[in-house]
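Just so we're aligned, residue 669 is where the sequence shown starts under our numbering, counting upward by one.
Ideal Cβ placement from N, Cα and C applies to all residues, glycine included.
First the structure, in the form of structure tokens, and then the observations on it.
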Amino acid sequence: MSDKKWDLVALASIPVIMTLGNSMLIPILPQIERELKVSSFKVSMLITVYAVVAILLIPLAGYLSDRFGRKAVIIPSLVIAAAGGAVAGVAAWFMSGNIAYWTILGGRFLQGVGAAGAFPIVIPLVGDMFKNEDEVSKSLGIIETSNTFGKVLSPILGAALAVWLWYSPFLAIPVLCLISLILVIFLVKTPKRKEKPPTFSQFVASVRDVLKEKGRWLYALFAIGGICMFLIFGVLYYLSETLESEFALKGVVKGLVLAIPLASLCLASFLAGKWIGKNKSRMKWLGFSGLALVTVSLGIIGMFDNIYVVVGLFTLGSAGIGAALPCLDTLITEGVDKKQRGTITALFSSMRFIGVSLGPPVVSLLLGSHHFLLFGILAASGAVGGLLTLLAVKPEKKGEPTSGSDEKQDDQEKQDEEEKHGNKEKQDGQDKLRKRRVQESETDQGYRPSPLRRKKSPY
């Protein structure tokens, strides 16, 4: 793993930047509304269009990464995301009113296209880079930590940049994407493909077979990932609205408060990724414990309408979600063959984006209702995720992967390599023996000392 640390640094930059590209705008949406003189619904579409486009295109990006390679999809995706940020930033800088709004919306559309082929492809690429499951889980823990670190940083950085210029978060996106692009091009070395990629029809058939064979636990993991993101972004939206409307906290100060539960999420993801190793049973029970923790936390929050209780208990619940996320990533990555890994993890990422998209609007509809009802629904969602983890996710014993096809293939390749190496050694030994015999034969037959001849005396 140490020989690939720079590869991981480059790949970890992608989720940070993709998260910043979206979440930096959340604390400054009211300011954008005032500057562009548009409705709150139109402003919310700047977040929604990004997520919806990503949801629709992530499965296609996953297929393309399986067909043409991970890096071949990630690099152009970063370029497209940078172009989208540049379009939005220039429109906000030089235009005004509805013209600026619709141009910014077009830029956000491009950003969503780029996001679909960036972070979702990082997860299967990490699975391709390492054969040891312990290294895969630790690396995915680092990737998930960088994703949550982006969430921690985004409300603070977005608010801080907007103090200077309200549209500066848009202009920061192409700069950040350029940094990540350079890192990926020069530092990431993807493993070579050992076989010809399947045709589209073969690929569709293989994915269909995977979903038919393992659909029960795959669908469960998809739903759990969506539920985790729904809870995180739903409660964050609640906190953002409450802190501003009831406590008059705005800008960087509000961003710092929102960063507290996200920092807990980040730390838990990092520790969980290091601890789970390749033990599938441990992943299941840690994921279940994390979802149980967030369910209990949200249930207690529903009984106490106090901002300190909400922030404190949600910080605890965020740690539970942070512990569950690396487990979900590793179970998905190690549970399917490399041929379908990009598409299956892309479907998982799509479900996470759906959770991100649903959290804020659902909570906004429930804000006018009773506090207990709001958090009761959120707690019930967490309970559904916990039950799915308990009942539908059943890893094999002794920490073996759910799908052994990759391991069988790796074992066969190793056996073929050893057999090839053994045959080469045997051939070399035979060549040496043959050469020695030829030399001995030449010595015995070809070299005979000539007899000494005495010179005739002249006397």
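Straight-line Cα distance separating Ala1048 from Gly1023 = Their Cα atoms are separated by approximately 15 Å.
Can you give the Cα-Cα distance for Cys845 and Tyr887, rounded to whole angstroms?
-> Roughly 32 Å separates the two Cα atoms.
Under 7 Å Cβ to Cβ from Ile824, same chain only, skipping five residues before and after it: list those, please.
-> Excluding positions up to five away in sequence, the list reads Val920, Gly923, Leu924, Ala927.
Three or more C-beta pairs closer than 8 Å, one from the region 991 to 1002 and one from the region 939 to 955: is that the case here?
-> Under the Cβ criterion (8 Å, minimum of three pairs), the region 991 to 1002 counts as touching the region 939 to 955.
In angstroms with no decimal places, state the Cα-to-Cα distance between Gly782 and Gly730.
-> For Gly782 and Gly730, the distance between alpha carbons rounds to 13 Å.
Compute the distance between the beta-carbons of Ala756 and Gly780, then report whether it is under 7 Å.
-> No. Outside cutoff.
Exposed or buried, Ser707, counting other C-beta atoms within 10 Å across all chains shown (16 or more means buried)?
-> So Ser707 ends up on the exposed side.
Sequence-distant residues of the same chain with beta carbon closer than 6 Å to Cys934, five excluded per side = So the list reads Thr813, Thr816, Phe817, Val820, once near-sequence residues are dropped.
Taking 7 Å as the cut-off, decide whether the C-beta atoms of Leu1046 and Leu899 are in contact.
-> Taking 7 Å as the Cβ cut-off, Leu1046 and Leu899 qualify as a contacting pair.
Under 7 Å between the Cβ atoms of Gly1044 and Gly970?
-> The Cβ-Cβ distance between Gly1044 and Gly970 falls below 7 Å.
Is Ala760 helix, strand or coil by DSSP?
-> Correct three-state label for Ala760: helix.
Apply the 10 Å Cβ neighbour rule to Arg1009 and answer buried if 16 or more other Cβ atoms are within range, or exposed otherwise.
-> That one is buried.
Would you decide whether Phe854 is buried or exposed? Buried here means 16 or more other CB atoms lie within 10 Å of its CB.
-> Counting Cβ neighbours within 10 Å, Phe854 comes out exposed, since fewer than 16 surround it.
Where Trp885 sits in the DSSP three-state scheme = In this structure, Trp885 counts as helix in the three-state DSSP scheme.
State the DSSP-derived secondary structure class of Ile685, mapped to helix, strand or coil.
-> Three-state DSSP puts Ile685 in a helix.
Within its chain, find whatever has a CB closer than 7 Å to the CB of Pro842; leave out the 5 residues flanking it on each side and keep chain order.
-> The answer, listed in chain order, is Ala750, Gly753, Ala754.
In whole angstroms, what is the alpha-carbon distance linking Arg884 and Phe890?
-> Spanning the two alpha carbons is a distance of roughly 10 Å.
DSSP on Asp877, reduced to helix/strand/coil?
-> Of the three classes helix, strand and coil, the one that applies to Asp877 here is helix, per DSSP.
In or out: Val872 buried (at least 16 other Cβ within 10 Å) or exposed?
-> With fewer than 16 Cβ atoms within 10 Å of its Cβ, Val872 is classed as exposed.
Limits of the alpha helix (DSSP H) - the one that Ala786 falls within | Counted as a single uninterrupted DSSP element, the stretch harbouring Ala786 is not any alpha helix (DSSP H), since DSSP gives it neither H nor E.
Which same chain residues, not among the five before or five after Lys806, have their C-beta less than 6 Å away from its C-beta?
-> Within the same chain, Lys806 has close Cβ partners Gly941, Lys942.
Between Ile968 and the rest of its own chain, which residues show a CB-CB distance below 7 Å, the 5 nearest in sequence each way excluded?
-> Within the same chain, Cβ atoms closer than 7 Å to the Cβ of Ile968 are found at Leu981, the five residues on either side in sequence being excluded.
Whole alpha helix (DSSP H) runs in the region 986 to 1037 with 4 or more residues, listed along the chain?
-> The region 986 to 1037 contains these whole alpha helix (DSSP H) runs: 1006 to 1034.
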